[in-house]
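In short: position in the sequence shown from 1, add 520, done, that's the numbering used here.
In this text, a Cβ means the ideal position worked out from N, Cα and C, and glycines have one as well.
Bear in mind that the values here come from a model prediction, so they are computed numbers and not experimental data.
Only one structure is covered here, and it is reproduced in the block below.
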Amino acid sequence: MPEIDFCLFDLSKILILFPREDKELRERVLEYEKKAQQDMEQNRWKLFNEFGYGC
Numbered sequence: 521m522p523e524i525d526f527c528l529f530d531l532s533k534i535l536i537l538f539p540r541e542d543k544e545l546r547e548r549v550l551e552y553e554k555k556a557q558q559d560m561e562q563n564r565w566k567l568f569n570e571f572g573y574g575c
């Protein structure tokens with residue numbers, strides 16, 4: 521099995537698998553996810569109204 525070949529104490533491999541947290545990247549990802557949720561909400565509302573279920 522390939523897992524047997526992987527040494528858990530190989531620091532370079534661990535750092536590749538679990539990189540240091542990048543706060544700027546995390547903020548950008550959260551902003552993107554928030555925008556995507558807002559866009560999906562607008563699309564659902566638009567479709568809801570197009571089919572005559574709106575107020």
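Residue 542: not part of any alpha helix (DSSP H); DSSP gives it neither H nor E.
When rounded, the separation of the alpha-carbon atoms in residue 554 and residue 537 is 26 Å.
DSSP, reduced to helix, strand and coil, places residue 552 within a helical segment of the structure shown. Within its own chain, no residue has a Cβ closer than 8 Å to the Cβ of residue 564 once the five positions on either side in sequence are excluded.
DSSP, read as helix, strand or coil, puts residue 571 in coil.
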